[in-house]
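Structure first, commentary second.
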Amino acid sequence: MRLVVDINAIDPQGMGIGPLPATLGPQKDLRRFNVKARHTVPGDRVAVAVRSTRKNTIEADVVEWLVKSTARVAPRCEHFGDRWKEGQGCGGCSLLMMSYEAQVSEKRKHVQAMLDSRKLGLEVLPALAAPEPWFYRNKMEFSFGHTPEGRYGLGLHPYGFKHDVLALRFCHLQSEASNLLVVFCRELAEERGIAAYLPSQNRGFLRSLTIREGRNTHQRMLIFNTTSDEFTSMSEEPKLATTVMESLREAIVDFAKRSGIEVTSIIWTRQIARKGHPTTFETHVLWGTETLFEQLNVQGAPNPLDFEIHPRAFFQTHTAQAETLYNTLVRRIRERVGSNAKVIDLYCGTGTIALCIAPFVESVVGYELLDEAVENAKANALLNHLDNVDFIAGDVGKTLVAQPGERTSVDLVVVDPPRSGLSEEAFRALLALSPPSILYVSCNPKSLVRDLVRFRDEGYRGDCVQPVDMFPHTAHMESVVMLTAYAEPVGLAE
Numbered sequence: 000m001r002l003v004v005d006i007n008a009i010d011p012q013g014m015g016i017g018p019l020p021a022t023l024g025p026q027k028d029l030r031r032f033n034v035k036a037r038h039t040v041p042g043d044r045v046a047v048a049v050r051s052t053r054k055n056t057i058e059a060d061v062v063e064w065l066v067k068s069t070a071r072v073a074p075r076c077e078h079f080g081d082r083w084k085e086g087q088g089c090g091g092c093s094l095l096m097m098s099y100e101a102q103v104s105e106k107r108k109h110v111q112a113m114l115d116s117r118k119l120g121l122e123v124l125p126a127l128a129a130p131e132p133w134f135y136r137n138k139m140e141f142s143f144g145h146t147p148e149g150r151y152g153l154g155l156h157p158y159g160f161k162h163d164v165l166a167l168r169f170c171h172l173q174s175e176a177s178n179l180l181v182v183f184c185r186e187l188a189e190e191r192g193i194a195a196y197l198p199s200q201n202r203g204f205l206r207s208l209t210i211r212e213g214r215n216t217h218q219r220m221l222i223f224n225t226t227s228d229e230f231t232s233m234s235e236e237p238k239l240a241t242t243v244m245e246s247l248r249e250a251i252v253d254f255a256k257r258s259g260i261e262v263t264s265i266i267w268t269r270q271i272a273r274k275g276h277p278t279t280f281e282t283h284v285l286w287g288t289e290t291l292f293e294q295l296n297v298q299g300a301p302n303p304l305d306f307e308i309h310p311r312a313f314f315q316t317h318t319a320q321a322e323t324l325y326n327t328l329v330r331r332i333r334e335r336v337g338s339n340a341k342v343i344d345l346y347c348g349t350g351t352i353a354l355c356i357a358p359f360v361e362s363v364v365g366y367e368l369l370d371e372a373v374e375n376a377k378a379n380a381l382l383n384h385l386d387n388v389d390f391i392a393g394d395v396g397k398t399l400v401a402q403p404g405e406r407t408s409v410d411l412v413v414v415d416p417p418r419s420g421l422s423e424e425a426f427r428a429l430l431a432l433s434p435p436s437i438l439y440v441s442c443n444p445k446s447l448v449r450d451l452v453r454f455r456d457e458g459y460r461g462d463c464v465q466p467v468d469m470f471p472h473t474a475h476m477e478s479v480v481m482l483t484a485y486a487e488p489v490g491l492a493e
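Numbering (numbering that gives the first Met the number 0), first residue to last: 0 to 493.
This is the structure we're talking about:
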């Protein structure tokens, strides 16, 4: 069935959406559907063919462009497009067909619409756009595997495919040097006959290649993730896995030197997966240092902050926008509390936010589930000579309840939860602290809105919402909002 739809928004996956009254199948009554179509943008009028229907949502494929939006641009990436075309269909960037200015505007509108749907009455400010939306990522992970055509591949997965990969030739999100290294590593592994791991068949050796960069320090780390096999094949002969990895190391170091590319670390991580047991990782340093260093510039701090990043540690992937985000948090905190303030940082990860705000307050205590992240945070506090920061490992909700000493005289709590938002236990434990102010950092508008409604019903009122575009050319948007405690709840959940 051919339908005509006007696209007026984008969804959280970057698909264009348009409303359509229609009758489908045996039904006789007119119903209002939301039609979703990939690679469409607000302002497009398209003819589509229905692919699937679920409740009031139709997923469709464009069969004809009737009117093209003024926000449309020609995608600059050769891998963008439809997955049935060889080398295309990359699932990495969903908004390359939209101008960057339009992307930022539409993502802001999505946040505003989500807030308005629950009558929160909060204004969403103009988003803080990235000054350079290209070549910005300091970390990218690529999978080894086979392309849909059966060729050797190293790249991202095509949209909708779990196991197939693209043979990446160039990615506009990472540096020129990283692009050269990805192509070289793919050609090297293919030439030497080193098998890519195929999850569907549970065989092969090379799983993934991750490249991390210190954008302000010009350091670069390559991380190879493999199976735990002691032996694999190279040049059609069985070889020790250590021999194979040493061979890759030698070739990469030689290529980097000849190409003038700085490589400070080559790491080999063996992924040990056994049925009925948790997956573990065994890390070996093949070349250079075991960690990568990065610096962040925080306005008002006496010096740039240094961060030692372990191969699997979390660090914001857009260094420049991380500085924008953290400077926004520091400014909001300094506007709200003085230098004698006591701050708690929930879901602190490796402590990046806590360390950025520590120079401006009396003390910061960070809470994080993962022991490894807490150890990393403590090491970075020592590295920066910050003695007013402490980090506690454990489930955020349970640990807050078990640490009554930390529940006195809290002036402000920073919350940066995962995409799922605050768990019920963490939410109740946070309320028990009775902080005058809560600074909420969100990477998911859906969970943000849910949590803001919960806070409103418990007597907290938000001010404006400040979006920060951390991931150009994707539908993701970070948001920051300050909440203030009031004497009485100001509303009930609807």
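For every residue, glycine included, the Cβ atom is placed at its ideal position computed from N, Cα and C. What you are looking at is a predicted structure, and each value in this text was computed from that prediction instead of being measured.
In terms of Cα proximity to E371, the closest of F280, V414 and I437 is F280. Taking the Cα of G259 as reference, the smallest distance to any Cα among R219, D415, V284 and A312 is reached at R219.
DSSP places R1 in the strand class (E or B) of the three-state scheme.
A353 places its beta carbon less than 7 Å from that of V363.
Cβ contact annotation for L29 (same chain, cutoff 8 Å, sequence separation greater than five): P20, A21 and T22, in chain order.
The DSSP-derived three-state label of T483 is strand. Contact check for T282 against T268 passes: the beta carbons are separated by less than 7 Å. Less than 7 Å divides the Cβ of L385 from the Cβ of A357.
The shortest CA-to-CA distance from M97 to any of G91, C89, L119 and A73 is the one to A73. Excluding its 5 nearest sequence neighbours in each direction, S93 has C-beta neighbours in its own chain below 7 Å: Q12, G13, T473 and A474, listed in chain order. Unbroken beta strand (DSSP E) runs of no fewer than 3 residues, entirely contained in the segment 296-348, are found at 304-308 and 341-345, following chain order.
About 14 Å separates the beta carbons of F183 and L205, which is beyond the 8 Å limit, so they are not a contact pair. Boundaries of the alpha helix (DSSP H) harbouring C355: T351 to I356, taken from the DSSP string.
Listed in chain order, the non-local C-beta contacts of P198 below 6 Å within the same chain comprise H162, local neighbours out to five positions each way being set aside. The C-beta of N55 has fewer than 16 other C-beta atoms within 10 Å across all chains shown, which makes the residue exposed.
Closest option to A59, judged by alpha-carbon separation, among L65, R50, V480 and V66: R50. Burial state of C355 is buried, judged by a 10 Å Cβ sphere holding 16 or more other Cβ atoms. The segment 437-485 contains, as complete alpha helix (DSSP H) runs of 4+ residues, the segments 444-456 (chain order).
Between G192 and M233 a beta carbon distance of about 6 Å is seen, short of the 8 Å cut, so the two are scored as contacting.
Listed in chain order, the beta strand (DSSP E) elements of length 3 or more contained wholly in the segment 395-435 are 411-414. In this model, M476 and N7 are separated by some 19 Å (Cα to Cα). In this structure, P157 and L165 form a Cβ contact; the two beta carbons are roughly 6 Å apart against a cut-off of 8 Å.
Between T327 and V480 the beta-carbon gap is near 11 Å, outside 8 Å, which marks them as no contact. By the CB criterion at 7 Å, P471 and V110 fall outside the cutoff. Counting along the chain, the unbroken alpha helix (DSSP H) around N379 starts and ends at D370 to L382. Spanning the alpha carbons of V4 and R37 requires a straight line of approximately 13 Å.
Looking at the DSSP output, L208 bridges to F141 and F223. Per DSSP, D115 is one residue of the alpha helix (DSSP H) stretching across Y99 to S116.
Contact check for S142 against S207 passes: the beta carbons are separated by less than 7 Å.
Annotated as proximal: V464 and L121, with beta-carbon spacing under 7 Å. The beta carbons of T323 and I308 sit about 19 Å from each other, so the pair does not count as a contact at 8 Å. With distances taken between CA atoms, C347 lies nearest to G365 out of A126, G365, L221 and S338.
For S174, there is no enclosing beta strand (DSSP E), as DSSP gives it neither H nor E. Per DSSP, K54 lies in no beta strand (DSSP E) segment and is marked neither H nor E.
Check the Cα spacing between G154 and each of K84, P18, E131 and C89: the tightest is with C89. Here the C-alpha atom of V47 lies approximately 11 Å from the C-alpha atom of T39.
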